[in-house]
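Mind the numbering: the sequence shown is residues 15 to 257 in my numbering, read in order.
Glycine residues also receive a C-beta, built at the ideal position from the N, C-alpha and C atoms.
Since we're looking at a predicted model, the values are computed, not measured.
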Amino acid sequence: MIRLNRFLAHCGVASRRQCDLLIDRGEVSINGKTIRELGFQIDEERDRVYCHGKPVAMQAEKMIMLNKPSGYLVTASDPHGRRTVFDLLIGIRERFFSVGRLDHDTTGLLLLTTNGKLSHRLTHPKYHVRKTYHAVVQGVPTEDELEQLRTGIKLEDGITAPARARVIRKRRGTSWLEIKIFEGRKRQVRRMAEAIGHPVIDLKRTAIDWLTLGKLPVGKWRDLTSEEIKKLKNRVNYQEESS
Ligand code: URA
Numbered sequence: 015m016i017r018l019n020r021f022l023a024h025c026g027v028a029s030r031r032q033c034d035l036l037i038d039r040g041e042v043s044i045n046g047k048t049i050r051e052l053g054f055q056i057d058e059e060r061d062r063v064y065c066h067g068k069p070v071a072m073q074a075e076k077m078i079m080l081n082k083p084s085g086y087l088v089t090a091s092d093p094h095g096r097r098t099v100f101d102l103l104i105g106i107r108e109r110f111f112s113v114g115r116l117d118h119d120t121t122g123l124l125l126l127t128t129n130g131k132l133s134h135r136l137t138h139p140k141y142h143v144r145k146t147y148h149a150v151v152q153g154v155p156t157e158d159e160l161e162q163l164r165t166g167i168k169l170e171d172g173i174t175a176p177a178r179a180r181v182i183r184k185r186r187g188t189s190w191l192e193i194k195i196f197e198g199r200k201r202q203v204r205r206m207a208e209a210i211g212h213p214v215i216d217l218k219r220t221a222i223d224w225l226t227l228g229k230l231p232v233g234k235w236r237d238l239t240s241e242e243i244k245k246l247k248n249r250v251n252y253q254e255e256s257s
């Protein structure tokens with residue numbers, strides 16, 4: 015059973031707030047009867063729901079990957095009207111949840127899913143999902159400094175879980191680090207690099223666990239295949255009953 019307004023939003027009819035308005039205006043019917051109660055409980059298997067006379071049904075679960083450009087916020091809406099990653103999802107009607115966040119200036123792999131519970135699992139530190147970043151930092155960290163990242167470093171919100179870190183390139187007083195973390199705290203990689211005295215100049219996420227961007231151009235998205243979704247679900251022990 016699910017509340018009518020939630021069901022409509024989940025089916026991608028409109029935002030939750032707009033769905034409330036549709037119900038309130040008497041534009042939604044269930045089994046032939048107009049229902050104006052937002053919290054009316056429906057059985058999504060049996061009840062026949064119509065909006066503006068057209069049938070409404072749960073859509074198959076979807077998951078996409080976006081190659082996020084710099085300059086976009088990962089948020090559903092911004093009170094200051096700044097650009098968000100949802101502005102890039104042209105042609106998408108469903109409500110997507112981002113799997114974790116990337117900072118405004120961070121680029122690279124962002125996953126989005128219509129399954130809020132799966133999103134929660136993929137970001138939960140308990141499941142140790144590996145996130146790989148390429149960071150351009152000021153200076154060249156010493157082995158000792160890298161070791162601090164590997165064992166855990168003290169940040170204001172606690173010691174980080176052991177990470178993997180190595181220098182992959184050095185160039186004109188900067189270096190490229192590959193950093194793999196297994197949690198997802200706010201601005202974590204930037205804060206870790208800052209803590210060892212090598213502030214981040216540029217940051218890109220290149221992989222989430224085994225999933226990489228491949229040849230996906232910056233600013234573009236693609237659907238994940240059902241095999242990819244299945245593999246991610248297995249990775250976090252997600253069983254359909256838990257949805
Ligand atoms: N760590 C950061 O500092 N920023 C991101 O966007 C992601 C991880």
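Given the structure, does residue i come close to the ligand URA, in the sense that its CB is under 8 Å from one of the ligand's heavy atoms?
{"i": "R201", "result": "yes"}
{"i": "P164", "result": "According to the sequence provided, residue 164 is Arg. The question's Pro does not apply to it. Incorrect: R164 has no Cβ contact closer than 8 Å to the ligand URA."}
{"i": "L52", "result": "no"}
{"i": "D92", "result": "no"}
{"i": "D117", "result": "yes"}
{"i": "T120", "result": "yes"}
{"i": "K184", "result": "no"}
{"i": "V214", "result": "yes"}
{"i": "Y147", "result": "yes"}
{"i": "R204", "result": "yes"}
{"i": "G198", "result": "yes"}
{"i": "L217", "result": "yes"}
Measuring only the C-alpha atoms, how far is residue i from residue j?
{"i": "I182", "j": "T146", "result": "13 Å"}
{"i": "K184", "j": "R164", "result": "20 Å"}
{"i": "G95", "j": "Y86", "result": "11 Å"}
{"i": "N248", "j": "E241", "result": "10 Å"}
{"i": "I37", "j": "M15", "result": "18 Å"}
{"i": "R31", "j": "G40", "result": "15 Å"}
{"i": "K114", "j": "T174", "result": "Strictly speaking, residue 114 in this sequence is Gly, with Lys absent from that position. Taking the straight line from one Cα to the other gives about 17 Å."}
{"i": "V42", "j": "E170", "result": "50 Å"}
{"i": "L52", "j": "R17", "result": "7 Å"}
{"i": "V70", "j": "E197", "result": "38 Å"}
{"i": "S133", "j": "F110", "result": "10 Å"}
{"i": "S256", "j": "S91", "result": "Only weak support exists for where S256 lies, its pLDDT of 43 falling under 50; the coordinates are left without a value."}
{"i": "L225", "j": "R204", "result": "22 Å"}
Rounded C-beta distance between residue i and residue j? I'm assuming under 8 Å.
{"i": "L264", "j": "M77", "result": "Residue 264 lies beyond the range of the chain shown here (15 to 257); nothing can be said about it."}
{"i": "R219", "j": "T120", "result": "7 Å"}
{"i": "Q162", "j": "H212", "result": "Their Cβ separation, rounded to whole angstroms, is 11 Å, which puts Q162 and H212 out of contact at 8 Å."}
{"i": "S189", "j": "P139", "result": "Wrong, their Cβ atoms sit about 28 Å apart, outside the cutoff."}
{"i": "D117", "j": "R199", "result": "The Cβ separation is near 12 Å, so there is no contact."}
Nearest chain B C-beta to residue i closer than 9 Å, yes or no?
{"i": "I182", "result": "Among the chains in the structure shown there is no chain B, since it carries only a single protein chain."}
Check whether the Cβ of residue i lies closer than 8 Å to any heavy atom of the ligand ADP, and answer yes or no.
{"i": "R20", "result": "No copy of the ligand ADP occurs in the structure displayed; its ligands are the ligand URA alone."}
Query raised in the report: For the region 119–182, which segments carrying the beta strand (DSSP E) assignment without a break, of at least 3 residues, lie completely within its bounds, in sequence order?
Result: Whole beta strand (DSSP E) segments, 3+ residues: 121–127, 145–152.
Query raised in the report: Mind pulling the alpha helix (DSSP H) runs of 4 or more residues that sit fully within the region 170–255?
Result: 202–209, 240–249, all fully within the region 170–255.
Requested in this report: Any chance you could list the alpha helix (DSSP H) runs of at least 4 consecutive residues sitting entirely within the region 21–104, in chain order?
Outcome: For the region 21–104, whole alpha helix (DSSP H) runs of length 4 or above, ordered along the chain, are 30–38.
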